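Sequences listed follow chains A and B, in order. Each residue of the first sequence is one higher than the last, beginning at 3 in this note's numbering. Each residue of the second sequence is one higher than the last, beginning at 2 in this note's numbering.
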Amino acid sequence: MDRSANTRTLVEVRHCRQAYPKEANNELIVLDDVNVRLSEGEVVGLLGRSGSGKSTLLRIIAGLLRPTNGEVTWQGELVRGPVRGVAMVFQSFALFPWLTVQENVELGLEAQGVARRERKSRAEAAIDLIGLGGYEGAYPKELSGGMRQRVGLARALVTHPDLLLMDEPFSALDVLTAETLRTDLIDLWSDGKLPVKSMLMVTHNIEEAVLMCDRILVFSSDPGRVAHEIAIHFAHPRNRLDPAFRQVVDDIYAVMTRRKSPADLRATAVPTTGFATPLHPIGTNLMSGLMETLAGPPYDGRADLPALAAVLQYEADELLPLGETLQLLRFAELEEGDIRLTEQGRSFVHAGIDRRKKTFAEAALAHVKLVAAIRQVLDERWNHRASAVRFRDELEDHMSPERAEETLRTAISWGRYAEIYSYDEETQQFSLNDVERT
Amino acid sequence: MTRIAIPPQAQGRRLPNAWDVAALAIVFGSLVGVASVVRGTLAPLTAAEVTAIHLDPAYLPGYALRTTLRMFAALLVSLVFTFTVAPLAAKSRRAAAIIIPLLDILQSVPILGFLSFTVLFFLNLFPGQEMGAELAVIFVIFTSQAWNMAFSFYQSLTTEPLDLDEACRIFGLSPWQRFWRLDVPFAVPGLVWNTMLSMSGGWFFVVASEAVTVGHTTFTLPGIGSYVAIALRRRDLLAISYAVLAMLVVILLYDQLLFRPLVAWSSKFRVETIQASVEVKPWVLKLFRQTFMLRKSVAWLGDRIALIGRLRLGRAERTFKSIARGGALSWVEDALFCVVVGAVAVYALDRIFVFCAAHLHWSDLLTCLVLAIFTLSRVIAALAISCAIWVPVGVWVGLRPQATNLVQPLAQFLAAFPANLLFPLVVAGIVAFNLAPNIWLTPLMVLGTQWYILFNVVAGTAALPGDLKEVAVNFGLGGVLWWRRLIIPGILPYFVTGALTATGAAWNASIVAEVASWGKTTLVAQGLGAYIANATSRGSASNIVLGVAVMSVFVLSFNRLVWRPLYAYASRRTNLGQ
Chain A
3 MDRSANTRTL VEVRHCRQAY PKEANNELIV LDDVNVRLSE GEVVGLLGRS GSGKSTLLRI
63 IAGLLRPTNG EVTWQGELVR GPVRGVAMVF QSFALFPWLT VQENVELGLE AQGVARRERK
123 SRAEAAIDLI GLGGYEGAYP KELSGGMRQR VGLARALVTH PDLLLMDEPF SALDVLTAET
183 LRTDLIDLWS DGKLPVKSML MVTHNIEEAV LMCDRILVFS SDPGRVAHEI AIHFAHPRNR
243 LDPAFRQVVD DIYAVMTRRK SPADLRATAV PTTGFATPLH PIGTNLMSGL METLAGPPYD
303 GRADLPALAA VLQYEADELL PLGETLQLLR FAELEEGDIR LTEQGRSFVH AGIDRRKKTF
363 AEAALAHVKL VAAIRQVLDE RWNHRASAVR FRDELEDHMS PERAEETLRT AISWGRYAEI
423 YSYDEETQQF SLNDVERT
Chain B
2 MTRIAIPPQA QGRRLPNAWD VAALAIVFGS LVGVASVVRG TLAPLTAAEV TAIHLDPAYL
62 PGYALRTTLR MFAALLVSLV FTFTVAPLAA KSRRAAAIII PLLDILQSVP ILGFLSFTVL
122 FFLNLFPGQE MGAELAVIFV IFTSQAWNMA FSFYQSLTTE PLDLDEACRI FGLSPWQRFW
182 RLDVPFAVPG LVWNTMLSMS GGWFFVVASE AVTVGHTTFT LPGIGSYVAI ALRRRDLLAI
242 SYAVLAMLVV ILLYDQLLFR PLVAWSSKFR VETIQASVEV KPWVLKLFRQ TFMLRKSVAW
302 LGDRIALIGR LRLGRAERTF KSIARGGALS WVEDALFCVV VGAVAVYALD RIFVFCAAHL
362 HWSDLLTCLV LAIFTLSRVI AALAISCAIW VPVGVWVGLR PQATNLVQPL AQFLAAFPAN
422 LLFPLVVAGI VAFNLAPNIW LTPLMVLGTQ WYILFNVVAG TAALPGDLKE VAVNFGLGGV
482 LWWRRLIIPG ILPYFVTGAL TATGAAWNAS IVAEVASWGK TTLVAQGLGA YIANATSRGS
542 ASNIVLGVAV MSVFVLSFNR LVWRPLYAYA SRRTNLGQ
C-alpha cells in the first residue's frame, strides 16, 4: 500500500500565529509561525505537551478558530470557517446525550440535508464499519467510554470527509480500551476501508503517535512551534517491542526534554526562574514519590524516562512536568531523555518529615522566585499579611488567567507544605500565622 | 429526588453597576408612562365590567377550568418570551448588557403592585369587552412566570459545553437545526424545573387577579379567584371551602398529570456521563408507556414535530465564530449603543422626576420607607418562625428516606397551592377572636411560601453524603456539635435557595396579606403592602408607583446584600470535593 504516490495537498498552514490579547500591549502567544502541509494518504500526528497549542492548531485547521496572523488553505482555497470535507473526533466524544447512537451518527448528514432513507442506510453502514452494530437505539450514557468514542468515529466517518481530525481521541479511555480502538482504526485505515483521504491527530502520547502516524510534528511549548518533524517508515501493523520502534520513542523523549534547540541546551540546562515562571501543578507527595523511586533500586539515582514512564504507567505528558519541577528545585536534572537525582534530591529522600520540609523550603525559597517574593512581602509588612490578588494580577500580565491561577495555587500548596507561609481561602490572604518566623 | 436549580437571584456575583441603574430607570419609567396614560381614563370606565359570579358549587368546575386555561395561556406567552429574549441576550453582548439587569429587576418587582395598571391598560385597549380583562390577567401571570424562565434559558445558552458547540459547527448544522438539536435540549432540565416553579407561583397570582377593584372600576372574571372574592364579601364559609376543594383537585391533577411526568422526562436531557440512579417513575408515565395506540400516535406526532427541527432553515455558519474583541467598527457601535441606552434611561429618569414632582411629596417617600421597614420586619419575623419550625422538621424528614419520599411531593404540592384561597379562613378567625391584625396577619405572608424552605431543607439533608453521616456517628458527634459541624454547613446552599424564594414571594404576598376583609370588616396591618393595596383601591397611580418602587428597591437590596453573598459563601464553603 503506497499512498504517498498521490501527493495532492489537502491543507496548508502558512505562518500561523495565534495570540490572545491581554491588557495594554501585552499578548499571550499560543502558536508562533507554524507551517504545516498535509497531503492525501498520510496520517500525521501533532505531538506536544499540554499548553503547546497543538489543539489550537487543530481547531484553526478545522475552521473553528481564526488565526491571529497567517492563513490556512483547504484544497487551495482560503479557510474562512468550518469547511465541508473535514470532520472531527473529540477527546470528550462530544455526543449529544439526548440523541440515540443512530441519531448522533446521522447529525452531520441531517445538516447536509441528506434524505431520510439515504441517511439511515449510510448511518447503518458507518455503525457496522466501526463495530457498533446492535447499539443503534442506545443513548450515549448507556455506553462505555470505548463505545462512545466509536460513536464519535462513526459520526465523523459517515459524512465521508476528506480529512479526519482527531483531538486526543483515546486519552479519555483506559489503556486497554484505547489500544483496541487504535488498532481497529489503523487496521481499517491500512485496509483502505476508511472513507477518508487523510488523518490528522493531536496526542500527547508518544507511543500512540509512533504506532499510528506516518509523520510526527513535535511541538515545543511557550509559544507553540513545530520543533521537529519525524517521519515514521514502519509498515502497519507496528510492533511496540521492536527495537527500532523503541529507538524512535527514545529519540522523541530526548527531543521533548531538550529545551528550544540543542545549541542552548547547556546554557539553559536549568530554566531561568523569573517571578512569572509558570509552575506545574505538581503536589509535594508526587515529587517525594518520584524521588524515592529514583533513589531506590534499580535506578539508583538515574533513570531512562520512557522506561520509567512505562513502569509507572505515566504518559510523557505527565512525567515531563514532574521532572521539570524537580529540575526547577534542583532536586534532579533532565538530560537527553534521562532523569538524574542531584545531591539535594538524595538528601531530601533520606530525611525525615521535618527535615524534608526544611530542605524543600530552602529549595523553594532559593529557586522559585514567586515563593520567595510572597515570603519577602509578608516579612516586610507590619501585619505580615498580603492579598493573593496582587500576585495573581502580576502573574496574569505574563500568562493566561488559567495558567496564572494554576501557578498561584501551586505556590500556595508548596508554601503551605514547607511552612513558608499560610493562606486563608476565605479572605484570599497570605499570612505568617502558624509559621515559624525567621 | 428533585434537584434544586440555582435560583437566578443568586447566580453570579454581579455587583450593581451603571446598567442596573439604567434598567431600574427604564422599568419605572415605563411604569410611570403606563400610569400617566391610564390616569385619565380612570373615571369613564365605571362598573360595567362586573360579570355575575354564582356561588353554586355546580359552577365551580367551569370556573376552575377557566382559571386553568388562563394559566396555560400565560405559560405559552412566557415560553415564547423565553425563546426569543434569552437567545437574543445570549447571542448579543450588547443586548445582554441591558436585558440581564432588566430581568433581574423585573423578577424583584412586586407584580401585584402594578396589577391595577395592567388591568386598566388592557381594558383601554379593548373597551367594554371581557377580552381586555382576560388579557390583563394573563399578562399578570406572565409577569410572574417569564423572568426566571428566561434567566434559566439564558443561563443554559451561555453554559453550553464547548465540545457540543464545536460539533454543531464542524458538522455544519444550520442555526435552526442547532436550536432544536443543542440549545433547547440542553436547556430542558433547568427550563422545566423553572417552568414548574413559575406555574406554582402563578396559581397565587391568577387567583389574586381575577377580581380587582381599581378606583371606581371593579371587574371580575369567571374563575376560582373571583368565586372566592364573592364568597368573601358574602361571608360564605361553605362556598370558600368548596373553592379550596376545587383548587386542591386542580393542583392535584396538574401535579400528577403534568409536573411529575415532565420532570421525570426532562432527566433524559441531563448532560451526565454516568447513568443516573433509577428514579421513581410517575404513574402517568408508566401508564402511558403501557398504552399502545396512544404511545404510537404520540410517537408519530413527535416524529412530525422533530422533522420541523431538522429543517435546514438558515444557512450553516461557515465562518469563524465572532471573537469578543472586535475592530474599530464594533467600538463605534458599542459607543452608539451605550449612548442610546443612556438616553433612554435619562429620559425615563426625567419622566419619573416630572411625575413625582407633580403628584408626590418628600413626606410620601418617608412614609413609604417607614412602612417598608414595618413590612421588612414582618417578613423577617415570619421567615424566622417558619425556619424555626421547618428546618428541624426538614432535617428529620431528610434523614429518613421513606419519610422523604412521602413529604417531598407533598411539600411541592403545597407550594403550588395558592395560599390566598386560605386567607379568608384565617381572617374569619382573627375577626371572631378579635386579634390584633398587626401581628396575626403576618403569618399569611409565608402561608404559601414556607413550603419552599421545607422541601429545600429536605432535599439538602437527603443529599448529605452517607460517609459524612457515618463519620458523625463514629465520632459520637451529637447535639449542638452535630448541627454546627454537619447539618448546617451541609444544607446551607439548599436552605438559602429555599429562603430566597420564600422571601421574594413573601414581599409579593404582603400586598394581599396586609389588608384583609371579611364581609364588611376590613383588617389592616401597617406596612408597605397595605399602602400599595390602599393606593390601588383608591386608584392613586402616583402612590402605587412610589410604593412599588420602594418595595422593589427593598427586595433588590435584600437579594444583593443578604442572599447573594450568603449563597456565594455557602456554595464556596460547602462545595464538597472542591
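C-beta: ideal position from N, C-alpha, C; glycine also. These figures come from a predicted structure and were not determined experimentally.
Whole-angstrom distance between residue j and residue i, CA atom to CA atom
i	j	result
residue 162 (chain B)	residue 61 (chain B)	49 Å
residue 79 (chain B)	residue 192 (chain B)	11 Å
residue 427 (chain A)	residue 391 (chain A)	12 Å
residue 69 (chain B)	residue 573 (chain B)	41 Å
residue 552 (chain B)	residue 95 (chain B)	29 Å
residue 442 (chain B)	residue 174 (chain B)	57 Å
residue 131 (chain A)	residue 41 (chain A)	25 Å
residue 536 (chain B)	residue 522 (chain B)	18 Å
residue 538 (chain B)	residue 529 (chain B)	14 Å
residue 433 (chain B)	residue 53 (chain B)	29 Å
residue 409 (chain B)	residue 96 (chain A)	35 Å
residue 429 (chain A)	residue 181 (chain B)	44 Å
residue 62 (chain A)	residue 388 (chain A)	41 Å
residue 493 (chain B)	residue 58 (chain B)	45 Å
residue 265 (chain A)	residue 86 (chain B)	For residue 265 (chain A), the predicted model reports a pLDDT of 41, less than 50, meaning its position is unreliable; a value from the coordinates is still stated below. In a straight line, the C-alpha of residue 265 (chain A) is about 59 Å away from that of residue 86 (chain B).
residue 223 (chain B)	residue 117 (chain B)	18 Å
residue 310 (chain A)	residue 369 (chain A)	26 Å
residue 453 (chain B)	residue 415 (chain B)	9 Å
residue 166 (chain A)	residue 64 (chain A)	10 Å
residue 593 (chain B)	residue 196 (chain B)	Any question about residue 593 (chain B) goes unanswered here, given that chain B covers just 2 to 579.
residue 396 (chain A)	residue 92 (chain A)	34 Å
residue 287 (chain A)	residue 144 (chain B)	56 Å
DSSP state of residue i mapped onto helix, strand, coil
i	result
residue 476 (chain B)	coil
residue 451 (chain B)	helix
residue 273 (chain A)	Bear in mind that the predicted position of residue 273 (chain A) carries a pLDDT of just 45, short of 50, making it unreliable; the figure below should be weighed with that in mind. In the structure shown, residue 273 (chain A) sits in coil (DSSP, three-state: anything other than H, G, I, E or B).
residue 564 (chain B)	helix
residue 218 (chain A)	strand
residue 48 (chain B)	The predicted position of residue 48 (chain B) is uncertain, since its pLDDT is 45 and thus under 50; no value can be drawn from it.
residue 149 (chain B)	helix
residue 404 (chain A)	helix
residue 460 (chain B)	helix
residue 352 (chain A)	helix
residue 212 (chain B)	strand
residue 435 (chain B)	coil
residue 425 (chain A)	strand
residue 282 (chain A)	coil
residue 12 (chain A)	strand
residue 292 (chain B)	coil
residue 228 (chain A)	strand
residue 146 (chain A)	coil
residue 518 (chain B)	strand
Heavy atom of the ligand ADP within 8 Å of residue i beta-carbon
i	result
residue 196 (chain B)	As presented, the structure is devoid of all ligands, the ligand ADP included, so that no description of it is given.
Assumed close pair residue i, residue j - CB separation to whole angstroms, cut-off 8 Å
i	j	result
residue 233 (chain A)	residue 217 (chain A)	5 Å
residue 111 (chain A)	residue 159 (chain A)	No, residue 111 (chain A) and residue 159 (chain A) are not in contact; Cβ-Cβ is about 11 Å, not under 8 Å.
residue 104 (chain A)	residue 135 (chain A)	Not confirmed; about 11 Å, so no contact.
At 4 residues or longer, and completely inside the segment 358-396 of chain A: list those alpha helix (DSSP H) runs for me, N to C.
-> 371-382
Is the segment 103-110 of chain B in contact with the segment 21-31 of chain B, if contact means three or more CB pairs nearer than 8 Å?
-> yes
Is the segment 170-177 of chain A touching the segment 204-220 of chain A in the sense that three or more CB pairs, one from each, lie closer than 8 Å?
-> yes
Please confirm if the segment 361-370 of chain B is in contact with the segment 484-503 of chain B, defined as three or more CB-CB distances below 8 Å between the two stretches.
-> no
The segment 301-310 of chain A / the segment 338-348 of chain A touching (three or more Cβ pairs under 8 Å) = yes
Is there contact here, the segment 373-393 of chain B with the segment 500-507 of chain B, by at least three beta-carbon pairs under 8 Å?
-> yes
Taking the runs of the alpha helix (DSSP H) that are 4 residues or longer, which of them lie wholly in the segment 227-270 of chain B?
-> 238-255, 261-267
Check whether the segment 357-375 of chain A touches the segment 415-427 of chain A, counting contact only when three or more Cβ pairs, one atom from each stretch, lie closer than 8 Å.
-> yes
Could you say if the segment 198-216 of chain B and the segment 128-146 of chain B meet the contact criterion of at least three C-beta pairs nearer than 8 Å?
-> yes
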